[in-house]
Every structure is written in C-alpha cells, then in structure tokens.
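Chains as they are written, first to last, in this note's numbering: chain U, -10 to 146; chain E, 536 to 660. Working notes for the structure below.
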Amino acid sequence: MTLALYRIDDRLIHGQVVIGWGQPLDSSFIVLVDDEVSGSDWEQDLYRMGVPPHIEVIFASVEKAAELLPAWEADSRVGILLVGDIDTAVALAARAPQVRRFNVGGVHHRTGRRERLRFVYLTDEEAAKLRQLAARGVEVTAQDVPTARAVPVGEFT
Amino acid sequence: MSDLRGVIVSHAAVAQALVAAVTAITGIEGALTPVSNEGCGTDALAERLSQAVGQGPAVLFVDLPGGSCLTSSARYAKQHADIAVVTGVNLAMLLDFVFHRDIPPAEAARRAVDAGAKAIRVTAA
Chain U
-10 MTLALYRIDD RLIHGQVVIG WGQPLDSSFI VLVDDEVSGS DWEQDLYRMG
40 VPPHIEVIFA SVEKAAELLP AWEADSRVGI LLVGDIDTAV ALAARAPQVR
90 RFNVGGVHHR TGRRERLRFV YLTDEEAAKL RQLAARGVEV TAQDVPTARA
140 VPVGEFT
Chain E
536 MSDLRGVIVS HAAVAQALVA AVTAITGIEG ALTPVSNEGC GTDALAERLS
586 QAVGQGPAVL FVDLPGGSCL TSSARYAKQH ADIAVVTGVN LAMLLDFVFH
636 RDIPPAEAAR RAVDAGAKAI RVTAA
C-alpha cells in the first residue's frame, strides 16, 4: 500500500490519529517525524503508550525520514506519517519529492496565531508557508477527522 | 500532609461530568478539578494543567493511556515533585480517591487503580 495520510498535528500521536484515522484506514504503522522526539527515548515511550501493540511506531528525524520515505511508500501495509508543525512539514517536503499532500489536522492557539478553523490557528507567516507548499504542488487541506470535509488551503490561509 | 488534589484530564467534557458525578454522590466539593483538552495544543494544555494543580501534591487522572492528555500529564509529572499519573479514569476510582487524600500521591494512585479496576466486570445475566 502506501502512506495513506501525511498529517500536521501538534499533538502528534493521539486519539484522533490512532482511532479516528487509524481505524478506517486500517493503518499498521505510524511514522512520527520530529527531530526532538527522535532523540528522546522518554518521549518515544510516552507516544508508544497511546498505540495498540499491533501498530508499529517509527520515530525519525526529518533527514532520516526523507531517506526512508521511498521504503515507507513501498511498504505493503498502510501507514500514517505525522509531523508536529508546519516548519517540519515544509522541511520534509523540500527533501522528499514523494510528499504530495499534507493534511492539517491540528495546529492550536499560541501567541501570534489567529483562528482560521476551529482546529487550525496560524500566524500569517505559517499561512504563507502552507500556500507556498501548495504552490510547489503539494495538496494541502485541513481536516481533523475523516468524516469532516477536507478544506482546501485557499479557504483557511 | 495536606490533602491531595485530584485533577481529571480528559477529552471533551468527560472530566467535568466526572467531577459533577462525584459531588452528586458524595457531597464533597473542591477535591477534584476538571481539565479538558478541547481546543488545546501542547502549550495550552500544559498551562491548564499547571493552573489546575496549583501548589502541592496531586494525582492526575487521565482518560486514556495515550494521547495529548497523557503526554501533557506525564511531562508535567516529570517536571514537578509529588505528582502521580493514573490512566483510564473511572467514577469508581474517583469515589475512592476523594475519601483517601491524606496519603502520598504514588500510594493514592495505586489505591485508585485498584478501586477502578475492581469496578470493571461483567455482571451476571
């Protein structure tokens, strides 16, 4: 199969991802791309706790993810790739041409950000980065759960 | 030792409902504080947790054994002394907890897990 979902979500592995998306996609592995988490055993143990034992969790830095992406895309199982912020998504897409789409699943309020959707808060700079990503041919939509509408990037940035 | 505070950390309004149920059953108020992750990123949830715990020892009762409620609670516990974390919160464990808050957090957490687990069973038809 392939990586069925590329998702930007500042909560990384949580219920919406594991259950909300993982169940309908019948996902067998989750790739968490984050330079900080990939260097911390403690953080990795924490994120593994939220995942049933039959789902493999792979932790990777952006650099390592770019290197291994072709293998994950060729995997016979269905996988989900997660990043925690827009900068990581942009960095990964710049290194890996296999990245053709990103789902903005949860970017929450922080100083300087304003509400674009109920689950998406962005600074103007972050909004511009998402539009640039789309302009480079990556399909960018916002959708928190599979039953919701995928909102095109032009509608929320 | 001062009485432990219990902080329930949940998705949506589960925590608020549990606090209301405990008060309705026991009449005890102020022992439990609800925290919802609704609309929260990591930073905002950490701030809500910090405000709910305040000073002193506490047990954090988390709804699921994974996800943003747990990751934020575990990080908080790692950074602060006298904080214990229990997952799989249910009403039975909270009812036991509010009557046993004069013990250390780790002991209260173990006790809560026992009480909560005993409440989960298949009843006779």
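Every residue gets a Cβ at the ideal spot worked out from N, C-alpha and C, and that includes glycine.
- A direct Cα-to-Cα measurement between P592(E) and D538(E) gives close to 8 Å.
- When the alpha-carbon of E32(U) is set against those of V549(E), T622(E), L605(E), the nearest one is in L605(E).
- Straight through space, the alpha carbons of F18(U) and L595(E) are spaced by roughly 30 Å.
- Here V549(E) has D598 as same chain residues with Cβ atoms under 7 Å from its own Cβ, once five neighbours each way along the sequence are excluded.
- For T558(E), the three-state secondary structure derived from DSSP is helix.
- Among the residues facing chain U, P569(E) is not included, as its CB has no counterpart in that chain under 8 Å away.
- Neighbours of L599(E) across chain U, judged by C-beta separation under 8 Å: G4, G39.
- With three or more CB-CB distances shorter than 8 Å, the stretch 577 to 588 of chain E counts as touching the stretch 606 to 616 of chain E.
- Between V129(U) and V109(U), the CB-CB gap reaches or exceeds 8 Å.
- Taking a 10 Å sphere around the C-beta of I543(E), we find 16 or more other C-beta atoms and assign the residue as buried.
- Around the beta carbon of G73(U), a 10 Å sphere encloses 16 or more other beta carbons of the protein chains shown; the residue is thus reported as buried.
- With a cutoff of 8 Å on beta-carbon distance, P569(E) and V557(E) are scored as not near each other.
- DSSP places P42(U) outside any beta strand (DSSP E), giving it a letter other than H or E.
- In this model, E56(U) and A85(U) are separated by some 8 Å (Cα to Cα).
- For D(-1)(U), the closest Cβ of chain E is nearer than 8 Å.
- Near chain U, meaning a CB-to-CB distance below 7 Å, the residues of the stretch 572 to 585 of chain E are G574, C575, G576, T577, D578, A579.
- As a beta-bridge residue in DSSP terms, V621(E) pairs with F596(E).
- Cα atoms of K118(U) and R105(U): separation of roughly 14 Å, rounded to the nearest angstrom.
- Chain order gives the chain E residues near L35(U) as G601, L605, T606, A609, R610, where near means a beta carbon separation below 9 Å.
- A direct Cα-Cα distance of roughly 17 Å separates W61(U) from H43(U).
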